[in-house]
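Peer 1:
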Amino acid sequence: MAPHDLRDYLFDELKPEQRAEVETYLETSPEAREELDGLRLTQKALLSVPDQEVPRRIAFVSDKVFEPSWAMRLWRELLAGAPRAGFSMAAVIVAFFGGLWLVQPTLTVDSDGWQLAFGRPEPAVVEPSPEIRGGDEPSLTEEQVRAVVAEVVDRYGTESEARLREDMATLVSKQGSESDARLRAAVNGLRGETEQAWRLLKTDIQSITYTTSAEMRPVGLPR
Amino acid sequence: MIFREVEDRDLILRSRRGDVEAFNVLVSRWEKRVYNYLLRQLKGREDALDLTQETFLKAYQSIGRLQEVDRFPQWLFRIAHNEAISLFRRNKRLVDDEVPEVSEGSSISVAGSAVYPAELSLAVERALDLLTPEQRETVVLKVYHGFKFDEVAEIVSCPVSTVKSRLYSAFEALKGTLAPAAKPSA
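Protein chains in written order, with this note's numbering: chain A, 1 to 223; chain B, 1 to 186.
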């Protein structure tokens with residue numbers, strides 16, 4: 001019994017060590033040799049029929065019959081150049097988001113419809129009320145200003161002038177970007193106070209507002 | 001042979017990038033093999049020629065989808081195999097009519113004695129005609145084109161065990177008639 005199929009040996013489908021086993025077996029088995037000879041003769045007979053020449057040339061791809069459609073050419077180009085297409089796509093994506101970052105589009109949708117704007121959005125312009133016209137968001141309410149000024153007036157007779165200036169400087173610096181109009185409104189509320197206190201306040205406030213904030217305009221207090 | 005394989009690989013890669021001339025070279029290299037494979041299946045030169053043309057047309061159209069370049073031969077022959085199957089199906093009635101009946105009288109008359117080469121070729125053709133189309137195709141792919149069992153299985157889309165079974169049975173049938181004919185005369 002052959003260790004492996006003789007047909008596999010003939011067709012060269014065995015590993016080298018398997019071939020060696022078959023060859024060893026063939027040396028000892030005349031029947032196996034005869035069987036293999038029959039297979040070889042059959043193969044030889046088959047191979048005696050040569051390949052035929054192609055009677056006429058096969059059309060080349062440059063011939064009209066092979067011409068692909070434009071869609072096929074595009075598709076093949078994309079498939080064949082996958083790495084190149086990937087790089088191009090990445091570049092397009094980077095360019096797209098880079099452009100977005102540069103122009104910073106803003107889409108606003110409200111009851112009036114939608115609006116597409118480009119660039120960094122400007123802060124909304126809100127028409128201030130008459131009481132705080134020309135000012136930013138106040139850091140102190142009008143009542144707080146009134147209370148501080150009243151406290152300063154009360155202290156005037158007992159505290160030193162230095163203390164008064166300090167309090168007023170605190171008041172003005174806290175106001176920060178508080179508008180002149182708001183401060184003026186607060187001071188106007190104190191007009192009912194004593195005339196003497198009012199004159200002192202007027203002088204001190206004017207001098208302090210000049211020296212504590214360069215950005216602030218001098219308070220034009222009405223007489 | 002190694003250089004040839006490398007060159008084929010290069011041609012395939014260039015063809016995938018749309019190089020028309022590279023594919024033309026592939027056609028000129030492989031047309032004879034594909035044509036003879038189909039000719040031994042179909043028995044008609046015109047049909048074999050038409051299907052060879054179709055095979056290369058489809059290969060050109062789909063070469064971008066060929067994932068493993070080293071498997072180009074199996075891939076190309078599989079296209080040819082599919083073309084042959086399609087033609088068989090279209091002409092099924094005609095093919096059935098042409099299949100000769102196997103009988104004692106139709107066996108090869110030269111069996112048992114050595115014959116001249118021309119007679120041997122005729123004997124081979126007649127012996128192959130007696131095989132089933134599947135057996136004949138397996139013999140052609142294995143003997144004439146040297147594909148391995150697993151490659152044949154890939155081309156004809158069936159298990160390796162089926163390929164071996166078809167080849168073994170075909171060789172048993174062929175051996176009885178062809179081996180004596182091919183035996184050198186004393």
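The beta-carbon is built from N, C-alpha and C at its ideal position, and this holds for glycine as well.
Near S169 (chain B), which residues of its chain fall below 7 Å by C-beta distance, leaving aside the five closest residues on each side in sequence?
Peer 2: By one-based count along the second sequence, residue 169 (chain B) stands at place 169. Contacts found: Q135.
Peer 1: My output table needs one value for Q115 (chain A): the three-state DSSP class, helix, strand or coil.
Peer 2: On the first sequence, residue 115 (chain A) is found 115 positions in, with the first residue counted as 1. In the structure shown, Q115 (chain A) sits in a strand (DSSP, three-state: E or B).
Peer 1: Could you tell me the boundaries of the alpha helix (DSSP H) in which T132 (chain B) lies?
Peer 2: The sequence position of residue 132 (chain B) within the second sequence is 132, counting from 1. No alpha helix (DSSP H) holds T132 (chain B); DSSP gives it neither H nor E.
Peer 1: Just the Cα atoms here: how many angstroms apart are E137 (chain B) and V92 (chain A)?
Peer 2: The residue labelled residue 137 (chain B) in the question sits at position 137 within the second sequence. The residue labelled residue 92 (chain A) in the question sits at position 92 within the first sequence. Going from the Cα of E137 (chain B) to the Cα of V92 (chain A) covers about 51 Å.
Peer 1: Whole angstroms is fine: what's the gap from L14 (chain A)'s alpha carbon to T24 (chain A)'s?
Peer 2: Numbered from its first residue, the first sequence carries residue 14 (chain A) at position 14. Numbered from its first residue, the first sequence carries residue 24 (chain A) at position 24. Rounded to the nearest angstrom, the two C-alpha atoms are 14 Å apart.
Peer 1: Identify whether L13 (chain B) lies in helix, strand or coil by the three-state DSSP scheme.
Peer 2: The sequence position of residue 13 (chain B) within the second sequence is 13, counting from 1. Of the three classes helix, strand and coil, the one that applies to L13 (chain B) here is helix, per DSSP.
Peer 1: Using a cut-off of 9 Å between C-beta atoms, extract the partners of E31 (chain B) located in chain A.
Peer 2: The residue you call residue 31 (chain B) lines up with position 31 of the second sequence. V54, R57 and I58, listed in chain order.
Peer 1: Using C-beta distances below 7 Å, list every residue in its chain close to L167 (chain B), excluding the 5 sequence neighbours before and after it, in chain order.
Peer 2: Working through the second sequence from its first residue, we reach residue 167 (chain B) at position 167. So the qualifying residues of the chain are T138, V139 and K142.
Peer 1: Hey, is E125 (chain B)'s beta-carbon within less than 8 Å of any beta-carbon in chain A?
Peer 2: The residue you call residue 125 (chain B) lines up with position 125 of the second sequence. Chain A, which has a Cβ nearer than 8 Å to the Cβ of E125 (chain B), makes this yes.
Peer 1: For the alpha helix (DSSP H) containing V109 (chain A), name the first residue and the last one.
Peer 2: By one-based count along the first sequence, residue 109 (chain A) stands at place 109. Boundaries around V109 (chain A) are those of the beta strand (DSSP E), T106 to D110, since no alpha helix (DSSP H) includes it.
Peer 1: Determine which residues of the stretch 1-30 of chain A have a Cβ less than 9 Å from any Cβ of chain B, and write them out in chain order.
Peer 2: D5, R7, D8, L10, F11, D12 and E13
Peer 1: Going along chain A, which residues have a C-beta under 9 Å from A80 (chain B)?
Peer 2: Along the second sequence, read from residue 1 onward, the residue named residue 80 (chain B) stands at position 80. By Cβ distance, chain A contributes nothing, its closest Cβ being about 12 Å from A80 (chain B), past 9 Å.
Peer 1: With H, G and I counted as helix, E and B as strand and the rest as coil, what does DSSP make of A80 (chain B)?
Peer 2: Position 80 of the second sequence holds residue 80 (chain B). A80 (chain B) falls in the helix class under three-state DSSP.
Peer 1: Please give me, in chain order, every unbroken run of the alpha helix (DSSP H) with length at least 4 that falls completely inside the stretch 27-92 of chain B.
Peer 2: Entirely contained in the stretch 27-92 of chain B, the alpha helix (DSSP H) runs reaching 4 residues are, in chain order, 45-62 and 72-90.
Peer 1: Report yes if the CB atom of Q76 (chain B) is closer than 8 Å to the CB atom of V34 (chain B), and no otherwise.
Peer 2: The count along the second sequence starts at 1 and reaches residue 76 (chain B) at position 76. The count along the second sequence starts at 1 and reaches residue 34 (chain B) at position 34. Checking the sequence, you will find Leu at residue 76 (chain B) rather than Gln. Yes, they are a contact pair.
Peer 1: Buried or exposed: which applies to R65 (chain B), given that a residue is buried once 16 or more other Cβ atoms fall within 10 Å of its Cβ?
Peer 2: On the second sequence, position 65 is the one that residue 65 (chain B) refers to. Per the 10 Å Cβ criterion, exposed.
Peer 1: Does any CB atom of chain A fall closer than 8 Å to the CB of A179 (chain B)?
Peer 2: Translated into the one-based positions of the second sequence, residue 179 (chain B) becomes position 179. True, the Cβ-Cβ gap to chain A drops below 8 Å.
Peer 1: Quick check: the stretch 125-134 of chain B against the stretch 45-57 of chain B, are there 3 or more CB pairs under 8 Å?
Peer 2: Proximity of the stretch 125-134 of chain B to the stretch 45-57 of chain B falls short of the contact definition, fewer than three beta-carbon pairs being nearer than 8 Å.
Peer 1: If T177 (chain B) sits next to A123 (chain B), beta carbons under 8 Å apart, how far is it from one beta carbon to the other, in whole angstroms?
Peer 2: Walking along the second sequence from the start, residue 177 (chain B) turns up at place 177. Walking along the second sequence from the start, residue 123 (chain B) turns up at place 123. The Cβ separation is near 7 Å, so the contact holds.
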